[in-house]
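What follows is one structure encoded as structure tokens, with my remarks underneath.
Protein chains: 2
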Amino acid sequence: MAWKNYLDREQDRFVSELTEFVSIPSVSAKPENAADVQRAAEWVASRLTEAGGENVEVLQTAGHPVVCGNWLHAGPDRPTVLVYGHFDVQPAEPFELWSSPPFEPEVRDGRLFGRGATDDKGSMLIPILATEAMLKSAGRLPINLRFFFEGQEEIGSPDMPDFVAANAHRLSADMIFSADGAQWAPDQPQIIEGLRGIASVEIVVRGADSDQHSGLHGGGIANPAMALAQILASMKSPDGHITVEGFYDDVVPLTEDDRAAIAEVPFDAEAYLAETGAPAEHGEPGYTTRERLWARPTLEINGLTSGWQGAGTKTVLPAEARAKITCRLVADQSPERIVEALRAHVERHAPDGVTVEFEAGAARGNPFLVPRGHNASVVAAQVLEEIYGRAPLRTRVGGSIPVMTMLLEHVGVHATMFAFQHDDENLHGPDEFVRLDAFRRGQEAYCRLFESL
Amino acid sequence: MAWKNYLDREQDRFVSELTEFVSIPSVSAKPENAADVQRAAEWVASRLTEAGGENVEVLQTAGHPVVCGNWLHAGPDRPTVLVYGHFDVQPAEPFELWSSPPFEPEVRDGRLFGRGATDDKGSMLIPILATEAMLKSAGRLPINLRFFFEGQEEIGSPDMPDFVAANAHRLSADMIFSADGAQWAPDQPQIIEGLRGIASVEIVVRGADSDQHSGLHGGGIANPAMALAQILASMKSPDGHITVEGFYDDVVPLTEDDRAAIAEVPFDAEAYLAETGAPAEHGEPGYTTRERLWARPTLEINGLTSGWQGAGTKTVLPAEARAKITCRLVADQSPERIVEALRAHVERHAPDGVTVEFEAGAARGNPFLVPRGHNASVVAAQVLEEIYGRAPLRTRVGGSIPVMTMLLEHVGVHATMFAFQHDDENLHGPDEFVRLDAFRRGQEAYCRLFESL
Chain A
977 MAWKNYLDRE QDRFVSELTE FVSIPSVSAK PENAADVQRA AEWVASRLTE
1027 AGGENVEVLQ TAGHPVVCGN WLHAGPDRPT VLVYGHFDVQ PAEPFELWSS
1077 PPFEPEVRDG RLFGRGATDD KGSMLIPILA TEAMLKSAGR LPINLRFFFE
1127 GQEEIGSPDM PDFVAANAHR LSADMIFSAD GAQWAPDQPQ IIEGLRGIAS
1177 VEIVVRGADS DQHSGLHGGG IANPAMALAQ ILASMKSPDG HITVEGFYDD
1227 VVPLTEDDRA AIAEVPFDAE AYLAETGAPA EHGEPGYTTR ERLWARPTLE
1277 INGLTSGWQG AGTKTVLPAE ARAKITCRLV ADQSPERIVE ALRAHVERHA
1327 PDGVTVEFEA GAARGNPFLV PRGHNASVVA AQVLEEIYGR APLRTRVGGS
1377 IPVMTMLLEH VGVHATMFAF QHDDENLHGP DEFVRLDAFR RGQEAYCRLF
1427 ESL
Chain B
977 MAWKNYLDRE QDRFVSELTE FVSIPSVSAK PENAADVQRA AEWVASRLTE
1027 AGGENVEVLQ TAGHPVVCGN WLHAGPDRPT VLVYGHFDVQ PAEPFELWSS
1077 PPFEPEVRDG RLFGRGATDD KGSMLIPILA TEAMLKSAGR LPINLRFFFE
1127 GQEEIGSPDM PDFVAANAHR LSADMIFSAD GAQWAPDQPQ IIEGLRGIAS
1177 VEIVVRGADS DQHSGLHGGG IANPAMALAQ ILASMKSPDG HITVEGFYDD
1227 VVPLTEDDRA AIAEVPFDAE AYLAETGAPA EHGEPGYTTR ERLWARPTLE
1277 INGLTSGWQG AGTKTVLPAE ARAKITCRLV ADQSPERIVE ALRAHVERHA
1327 PDGVTVEFEA GAARGNPFLV PRGHNASVVA AQVLEEIYGR APLRTRVGGS
1377 IPVMTMLLEH VGVHATMFAF QHDDENLHGP DEFVRLDAFR RGQEAYCRLF
1427 ESL
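Sequence lines, in order, name chains A and B.
Following our numbering, the numbering of the first sequence begins with 977 at its first residue and continues without gaps.
Following our numbering, the numbering of the second sequence begins with 977 at its first residue and continues without gaps.
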């Protein structure tokens, strides 16, 4: 296998290219990093061209850009495959919790540390490198290949519904593989059969027009931070049941078969708590932790801000208080209906003495389920079993990749996650890292996948 | 009156000295400003010496320092007066809401803007300047005078109980006047008869040991931000009644006389809302807004912090959430008992799945009430009536000056607030300012006060 020699020979260069890629702070959430997201798009376009990709373009949207390219010379009898990934990353704050600066990647113990190292820069580089290895060593690919890399996954892909609808011709394929996703463990592969959807909102409670002296005005006017706490507490009971009216209306109840399939996958509560550091499992009564993570919707506060946040005491009565919330959704919830249920709830529970603003966020994604026996998943499972020497587990993931359902709608194909991240790699947190042996193994897996199709 | 000519002649210099004083960022709440608080103490000591103060010392405590000095040559038949003030200030954040930088004072329209301009740097400079005017123009004061300026009022004077107890000899006096306090309006004086006490606490809720991906872990473990919201919401009902068990136990009910005295002072709800910008009055049912502000206890959130606070969405499940709270207290509540009531409540209401830390804050102050007809207040009222041409209103203030009750305990004297701030001068908020005509008038008032005693 000539491509294998090529991968072996070029691996050091690939790692230094990944280092360069991760160094670009392409944080899609922060307006001040918009130029960095664009720079990352250009880096991807240039790297894809170098790998042998053709018709490579940086395509603008109303927000962050997209990179598309292809190689379509395998012939009409060969399948066309679309590979998806994203080059934007989560914010890296709080910086002080990182062992090395998030945008100055560092290799320690066979792991490359940096924001986006695994989610999704390391992962999306893998199919590009596999393509390069095959084209440079054999001069051709056994399949027709299209690439679709976006710059707004981490903010919920707000412009992708329009983009995918308008660019279905660039994305049309027989099979879709996502380079965003994960394997179960370094020695255990998985086929991910479901993702949760997502909806995001922000609540802003306002009282006085600037922060007031809490002695001079406390008791006279309402405190927006307390009003916000009351609104938030009205949304979830302490046992974890979501109390927003209508929130569960569209949830398809888990069948006995669903529960059995979920229970088939081992769950080690102790290991889970050790991984997260949480003192206990916690959530909606009546479901196992795994069921709650994979197949039940959530309402999570992502951030709270009000008043004085520094050391010691500042006796202010804050002028405003803000909460950021995202919900993860399951079939048949829709982000639009959930946002409206939240809006109605907040309006109904807004206390007196303050004004409450409710803002629907940009993140919108439908839940996604791949049917068992789906063709691309079957091939992916065979390749994974060859490489790992073990059959993949059939799992779900609590996270969301909104584009999956858009591709299903407009390209008509269920995407298969074929990706080599691991849940313990601190995705979205400090000290995110990618295992370099998984990065290498992923390249081989993509080459084998292309050969198997 | 030679001192009057002196005040007229030197006013420009006084304003530039106030500018210099306000430029020192003596923020007692922020550890990184400790050296600035010390620098402000040294500035005060030097300015007091220049004014003719004797035995001036910067005295260290376990926290921020104190400045004492005196002038004791009026003779044993003349009364000894203690003047109190503070040279520390509130934090100035958020800086972006200031029209000019908080520590680069600027005069606009007869107002000097800067953090501490009125609370309490402008106010505490007034008696020093009055002393200088009398000593430089007449060579003597008609009274014996002591000065007591602290550097930790804005954090609740944590070391002052020890300091006042150990230094009662430096503070002994027949009358005490506080240069922290306020007048009712530029054309209406007041005698403040009551202050509320204060107690501060912080609640820290922890879950996972670092921020987690809210998709991968939402539903599996508890969210500390939601747990905090539930704890906070359990402390106050939406109508403003505090629901912490035992919170009102020691409150002395308002008598009909108390209520009548409070109702005597005009209250313009529309003007109050215009001043604060709040959409409505709000608070504990069964009391007027003025009663709630002056004579009922409060529980106010001063700050909330958790997770992602920047723009857009960051899908984290926060590792921790924090709330800072201060309560204002009325007779006979004690800060110690209130802190214990809050601690017990938080322990009782801590939700499952998180750990909750409860920290008693440094701010501790007892409520303070001056008896009607108190000697120093009678003299102060006469002087104020002379200067303003109107009898002072008898009022209370919702804020706290913890040292007042310590002086009562250890020096045996009720302090009288004799100060020239106004509530609309953005104390503790952005764009704090002092009216320069009130700054000038205060100097004259202190000279007249000293003459009247």
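Ideal Cβ positions, reconstructed from N, Cα and C, are used throughout, including at glycine.
Residue-chain proximity (residue i, chain B), Cβ-Cβ < 8 Å
i	result
G1259 (chain A)	yes
N1009 (chain A)	no
W979 (chain A)	no
N1199 (chain A)	yes
K1300 (chain A)	yes
A1357 (chain A)	no
N1278 (chain A)	yes
T1252 (chain A)	yes
R1319 (chain A)	no
A1038 (chain A)	no
Residue i, buried or exposed, once every other Cβ within 10 Å from all chains shown has been counted against 16
i	result
T1107 (chain B)	buried
D1187 (chain A)	buried
N1031 (chain B)	exposed
A1245 (chain A)	exposed
V1354 (chain A)	exposed
S1022 (chain A)	exposed
E1390 (chain B)	Inspection of the sequence shows that residue 1390 (chain B) is occupied by His rather than by Glu. It is buried - the Cβ of H1390 (chain B) has at least 16 other Cβ atoms within 10 Å.
G1222 (chain A)	exposed
N981 (chain A)	exposed
F1247 (chain A)	Reading the sequence as shown, one finds Ala at residue 1247 (chain A) and not Phe. Flag for A1247 (chain A) reads exposed.
D1328 (chain A)	exposed
V1079 (chain B)	Reading off the sequence shown, one finds Phe at residue 1079 (chain B), where the question assumed Val. Result: buried.
D1064 (chain A)	buried
A1295 (chain A)	buried
Below-8 Å beta-carbon distance, residue i vs any chain A residue
i	result
Q1188 (chain B)	yes
L1035 (chain B)	no
V1065 (chain B)	no
K1006 (chain B)	yes
E1126 (chain B)	no
S1176 (chain B)	yes
P1041 (chain B)	no
G1191 (chain B)	yes
G1061 (chain B)	no
T1265 (chain B)	yes
N1143 (chain B)	no
H1049 (chain B)	no
Cβ pair residue i, residue j closer than 8 Å
i	j	result
V1042 (chain A)	L1048 (chain A)	no
W979 (chain A)	A1109 (chain A)	yes
P1162 (chain B)	A1414 (chain B)	yes
P1067 (chain B)	W1284 (chain A)	yes
G1132 (chain B)	I1174 (chain B)	yes
R1084 (chain B)	G1375 (chain B)	no
Where residue i sits in the DSSP three-state scheme
i	result
S1113 (chain B)	helix
Q1128 (chain B)	coil
R1087 (chain B)	strand
G1222 (chain A)	coil
I1377 (chain A)	coil
R1411 (chain B)	strand
F1243 (chain A)	coil
L1425 (chain B)	helix
L1000 (chain A)	First, the amino acid is wrong: residue 1000 (chain A) is Ile here, not Leu. Coil.
K1300 (chain A)	strand
H1258 (chain B)	coil
L964 (chain B)	With chain B covering 977 to 1429 only, the question about residue 964 (chain B) has no answer from this structure.
- Task: Would you list, in chain order, the members of the segment 1201-1234 of chain A that have their beta-carbon closer than 7 Å to a beta-carbon of chain B?
- Result: A1201, M1202, A1205, Q1206, L1208, A1209, K1212 and P1214
- Query: Looking at chain B, which residues of the segment 1323-1354 of chain A have a Cβ within less than 8 Å of any of its Cβ atoms?
  - Reply: P1327, D1328, G1329, V1330, T1331, G1337, A1338 and A1339
- Query: Using a Cβ cut-off of 9 Å, which residues of the segment 1388-1400 of chain B contact any Cβ in chain A, in chain order?
  - Reply: D1399
- Compile a chain-ordered list of the residues in the segment 1359-1379 of chain A whose CB is closer than 9 Å to at least one CB of chain B. V1373, G1374, G1375 and S1376
- Task: Scan the segment 1282-1299 of chain A for residues whose Cβ lies nearer than 9 Å to a Cβ of chain B and list them as they occur along the chain.
- Result: S1282, G1283, W1284, Q1285, G1286, A1287, G1288, T1289, K1290, T1291, V1292, L1293, P1294, A1295, A1297, R1298 and A1299
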